[in-house]
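Trainee: Could you have a look at this structure, given as structure tokens, before my questions?
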Amino acid sequence: MQPQAFYRAVADDFSAVDGIIKKQLTSRVPLVSKIGDYITSAGGKRLRPLLVLLCGKALGREGDDLRLLAATIEFLHTATLLHDDVVDMSGMRRGRSTANAMWGNAPSVLVGDFLYSRSFEMMVELGSMPVMKILSQATRIIAEGEVLQLSKVRDASTTEETYMEVIRGKTAMLFEASTHSAAALCEATPEQAEALRTFGDHLGVAFQLVDDLLDYKGDAETLGKNVGDDLAEGKPTLPLIYTMREGTPEQAALVRKAIQKGGIEDLESIREAVDASGSLEYTAQLARDYVARAIKCLDALPASEYRDALVELSEFAVARTH
1 MQPQAFYRAV ADDFSAVDGI IKKQLTSRVP LVSKIGDYIT SAGGKRLRPL LVLLCGKALG
61 REGDDLRLLA ATIEFLHTAT LLHDDVVDMS GMRRGRSTAN AMWGNAPSVL VGDFLYSRSF
121 EMMVELGSMP VMKILSQATR IIAEGEVLQL SKVRDASTTE ETYMEVIRGK TAMLFEASTH
181 SAAALCEATP EQAEALRTFG DHLGVAFQLV DDLLDYKGDA ETLGKNVGDD LAEGKPTLPL
241 IYTMREGTPE QAALVRKAIQ KGGIEDLESI REAVDASGSL EYTAQLARDY VARAIKCLDA
301 LPASEYRDAL VELSEFAVAR TH
């Protein structure tokens, strides 16, 4: 599947969003602009602003405010990336050094704060209280999700239910905020707004499930990050949780010890265990189920090339290899 197809539907708007991002990164402090430009030019998929554009245009919206909302969402996302990399002590993202590896933790955290602040200035410029309510609540929930995940590091007793709560907060919430805020900006019907909110949630859950799957199935060059990063940090993600629950006693003990200890000394043994236990297929099937439910939500939108692009984007989210 070629991702260019769903970008092509909003190509001009996407270019305009890039222009807004560059303009809004301007700061009287050169290091702010330098770090901001470094992370926003890292070649990410920019799926969240893409969702804003596709949902808005599927609802018949045109104009600069939709583009500004898309850029606002990207700023929120980029701020979370800067902070996450510091918390996780990550050295690589999207195939190159993280900002904290290049400039240190303090500048990365502070530039993340700058991006959060700038995003709220952009929300004020939009002048939509419903949009501001959605995005301000989302920002809080994302922070809570990250703290919940942090509290579960090296906790081998973490359940699938708690894991789902974590990923709904830290990942799916911004997908949901992207689609829901687009609906609010377009003054969609209550039915359409709820359908798009649910669509974003289900798509975001599927996206994170695939991310966690690839941590044991992918390779560093394709992923653009180190394989086994989650294991190194002692994060109990679904492939590990399922292996402890459904695997052999030996597989469960191996995984439990690895989570409690952290590090990747036993990475190959862990990868073999999660594969043999069926956890990779379980995680992949759950992702496919969520995407199918997400696509069903799109029935609330009128038929258009933008709705078709949203379907293609959803299918890509579970078929991707990085």
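Sequential numbering of the sequence shown, starting at 1, is according to the UniProt record's numbering. Each residue gets a CB set at the ideal place from its N, CA and C atoms; glycine is no exception.
Which residue comes first and which comes last in the alpha helix (DSSP H) that contains R307?
Mentor: Taking the first residue of the sequence shown as 1, we reach residue 307 at position 307. Where R307 is concerned, the enclosing alpha helix (DSSP H) stretches over 305–319.
Trainee: From what residue to what residue does the alpha helix (DSSP H) around D113 run?
Mentor: Here residue 113 corresponds to residue number 113 of the sequence shown, with the count starting at 1. Taken as a continuous stretch (DSSP letters only), the alpha helix (DSSP H) holding D113 covers 105–126.
Trainee: When you compare the CB positions of R288 and Y216, do they come within less than 8 Å of one another, or not?
Mentor: For the purposes of this step, residue 288 is taken as residue 288 along the sequence shown, with counting starting at 1. For the purposes of this step, residue 216 is taken as residue 216 along the sequence shown, with counting starting at 1. No, the Cβ-Cβ distance between R288 and Y216 is not below 8 Å.
Trainee: Out of L66, A300, A11, which has the shortest C-alpha to C-alpha gap to S181?
Mentor: Translated into positions along the sequence shown, residue 181 becomes position 181. Taking only the C-alpha atoms, the option nearest S181 is L66.
Trainee: For V210, collect the residues of the same chain with a Cβ closer than 7 Å to its Cβ; drop the 5 residues on either side in sequence, then sort them by chain order.
Mentor: On the sequence shown, residue 210 is found 210 positions in, with the first residue counted as 1. Cβ neighbours of V210 beyond the five flanking positions: A287, A317, V318, R320.
Trainee: Using 8 Å as the threshold, is the segment 86–99 in touch with the segment 59–78, meaning 3 or more CB pairs across them?
Mentor: At 8 Å Cβ cutoff, the stretches do not touch.
Trainee: For H202, which residues from the same chain have a beta carbon less than 6 Å from its beta carbon, with the 5 sequence-adjacent residues on both sides left out?
Mentor: Numbered from its first residue, the sequence shown carries residue 202 at position 202. Excluding positions up to five away in sequence, the list reads Y290, R293, A294.
Trainee: Once DSSP output is grouped into helix, strand and coil, what is the label at M89?
Mentor: The residue given as residue 89 occupies position 89 in the sequence shown. Of the three classes helix, strand and coil, the one that applies to M89 here is coil, per DSSP.
Trainee: Going by Cα to Cα distance, which pick from P249, E125, E146 is closest to A276?
Mentor: Walking along the sequence shown from the start, residue 276 turns up at place 276. Out of P249, E125, E146, P249 has the C-alpha closest to the C-alpha of A276.
Trainee: Can you name, in chain order, every residue of its own chain whose Cβ lies under 7 Å from the Cβ of L25, other than the five neighbours on each side?
Mentor: To locate residue 25, count along the sequence shown from 1; it is residue 25. S33, G36, D37, T40.
Trainee: Let's see if you can read the secondary structure: which residues bound the alpha helix (DSSP H) around D289?
Mentor: Position 289 of the sequence shown, counting from 1, holds the residue named residue 289. Its alpha helix (DSSP H) spans residues 279–297.
Trainee: Report the rounded CA-to-CA distance for C55 versus T78, giving the unit in angstroms.
Mentor: As a first step, residue 55 is located in the sequence shown; it is residue number 55 there, counting from the start. As a first step, residue 78 is located in the sequence shown; it is residue number 78 there, counting from the start. The alpha-carbon atoms of C55 and T78 are separated by roughly 21 Å.
Trainee: Which of the three DSSP states is assigned to S97 in this structure?
Mentor: Position 97 of the sequence shown holds residue 97. Correct three-state label for S97: strand.
Trainee: Kindly indicate the opening and closing residues of the alpha helix (DSSP H) around T159.
Mentor: Taking the sequence shown and counting its residues from 1, one reaches residue 159 at position 159. Note, T159: premise wrong, no alpha helix (DSSP H); not H, not E.
Trainee: For the alpha helix (DSSP H) containing H202, list its first residue and its last residue.
Mentor: Stepping through the sequence shown from its first residue, residue 202 is reached at position 202. Residues 190–217.
Trainee: Find the nearest neighbour of A138 within the set E160, E191, A195, T72, judged by alpha-carbon distance.
Mentor: Here residue 138 is taken as the residue at index 138 of the sequence shown, counted from 1. Comparing Cα positions, the closest option is T72.
Trainee: My understanding is that G234 touches I259, with C-beta atoms under 8 Å, so please give their C-beta distance in whole angstroms.
Mentor: By one-based count along the sequence shown, residue 234 stands at place 234. By one-based count along the sequence shown, residue 259 stands at place 259. With 8 Å as the limit, G234 and I259 qualify as a contact, their Cβ atoms being about 5 Å apart.
Trainee: Check whether the Cβ atoms of G171 and L196 lie closer than 8 Å to each other.
Mentor: Residue mapping note: residue 171 aligns to position 171 of the sequence shown, counting from 1. Residue mapping note: residue 196 aligns to position 196 of the sequence shown, counting from 1. Note that residue 171 is Thr in the sequence shown here, rather than Gly. Taking 8 Å as the Cβ cut-off, T171 and L196 do not qualify as a contacting pair.
Trainee: Cα separation between K57 and Y306?
Mentor: Your numbering for residue 57 matches position 57 in the sequence shown. Your numbering for residue 306 matches position 306 in the sequence shown. Roughly 7 Å separates the two Cα atoms.
Trainee: If I follow the unbroken alpha helix (DSSP H) through S15, where does it start and stop?
Mentor: Locating residue 15 in the sequence shown gives position 15, counting from the first residue. Per DSSP, S15 belongs to the alpha helix (DSSP H) from 11–24.
Trainee: Within 10 angstroms of the Cβ of P30, are there 16 or more other Cβ atoms? Answer buried if so, exposed if not.
Mentor: Here residue 30 corresponds to residue number 30 of the sequence shown, with the count starting at 1. By the 10 Å Cβ count, P30 comes out exposed.
Trainee: Have a look at T158, T283, V111, N105 and flag the residue whose alpha-carbon is nearest the alpha-carbon of R28.
Mentor: For the purposes of this step, residue 28 is taken as the residue at position 28 of the sequence shown. The shortest C-alpha separation from R28 is found at V111.
Trainee: Output yes or no for whether 8 Å exceeds the beta carbon distance between residue 370 and T189.
Mentor: A query on residue 370 cannot be resolved here, the shown segment of the chain reaching from 1 to 322 and no further.
Trainee: When the Cβ atoms of the segment 152–169 are set against those of the segment 241–255, are three or more pairs found closer than 8 Å?
Mentor: Segments in contact, yes.
Trainee: Is the beta carbon of L148 closer than 8 Å to that of E165?
Mentor: Against the sequence shown, residue 165 aligns to sequence position 165. Against the sequence shown, residue 148 aligns to sequence position 148. The answer is yes: Cβ separation under 8 Å.
Trainee: Which residue marks the beginning of the alpha helix (DSSP H) containing C55, and which one marks its end?
Mentor: Taking the sequence shown and counting its residues from 1, one reaches residue 55 at position 55. Element bounds for C55: 47–58.
Trainee: Report yes if the C-beta distance between G228 and L280 is below 8 Å; otherwise report no.
Mentor: Within the sequence shown, residue 228 is the residue found at index 228, counting from 1. Within the sequence shown, residue 280 is the residue found at index 280, counting from 1. Not in contact: G228 and L280 (Cβ atoms no closer than 8 Å).
Trainee: Does the beta-carbon of S108 have 16 or more other beta-carbons within 10 angstroms, so that it is buried, or is it exposed?
Mentor: Here residue 108 is taken as the residue at index 108 of the sequence shown, counted from 1. Result: buried.
Trainee: So, at 6 Å on beta carbons, what are the nonlocal neighbours of L301 in its own chain, with the 5 sequence-adjacent residues on each side left out?
Mentor: As a working mapping, residue 301 is identified with position 301 in the sequence shown. Excluding positions up to five away in sequence, the list reads A58, R307.
Trainee: In this structure, how does DSSP classify S27 when only helix, strand and coil are distinguished?
Mentor: Here the question's residue 27 lines up with position 27 in the sequence shown. The answer is coil: DSSP assigns S27 none of H, G, I, E or B.
Trainee: Considering H180, what are the terminal residues of the alpha helix (DSSP H) in which it resides?
Mentor: One-based indexing of the sequence shown puts residue 180 at position 180. Element bounds for H180: 173–185.
Trainee: Below 8 Å on the Cβ atoms is my contact criterion, and I expect V131 with M123 to pass it. Report the Cβ-Cβ distance as a whole number of Å.
Mentor: Here residue 131 corresponds to residue number 131 of the sequence shown, with the count starting at 1. Here residue 123 corresponds to residue number 123 of the sequence shown, with the count starting at 1. Between M123 and V131 the Cβ distance is about 7 Å, and since that is below 8 Å, they are a contact.
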